[in-house]
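Colleague: I have a structure here, written as structure tokens, and I will follow up with some questions on it.
In my numbering, the protein residues as written are 634 to 704.
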């Protein structure tokens with residue numbers, strides 16, 4: 634159970650900054666509100682993104698390209 638809880642914490646910790654980053658790009662909550670932390674029965678942490686509107690995916694890709702260019 635401890636492994637699952639740790640995984641849940643990790644997944645939740647990864648979900649929040651992703652939501653915040655999209656909000657800072659001006660993406661409405663309706664586009665990222667379904668992002669949620671998910672944990673497998675073995676405790677592996679994931680962030681479920683699901684379907685994302687094409688315009689939001691383009692904004693995400695552009696933000697990643699900008700970040701990559703500054704490193």
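Each residue gets a CB set at the ideal place from its N, CA and C atoms; glycine is no exception.
Can you name, in chain order, every residue of its own chain whose Cβ lies under 7 Å from the Cβ of residue 692, other than the five neighbours on each side?
Modeller: 658 and 660
Colleague: Where do the ends of the alpha helix (DSSP H) carrying residue 653 lie?
Modeller: 635-657
Colleague: Roughly how many angstroms lie between the CA atoms of residue 689 and residue 645, to the nearest whole one?
Modeller: 21 Å
Colleague: Looking only at its own chain, which residues have a Cβ that is under 7 Å from the Cβ of residue 651, when we skip the five neighbours before and after it?
Modeller: 668 and 680
Colleague: Is it buried or exposed for residue 678, if we count other Cβ within 10 angstroms and need 16 for buried?
Modeller: buried
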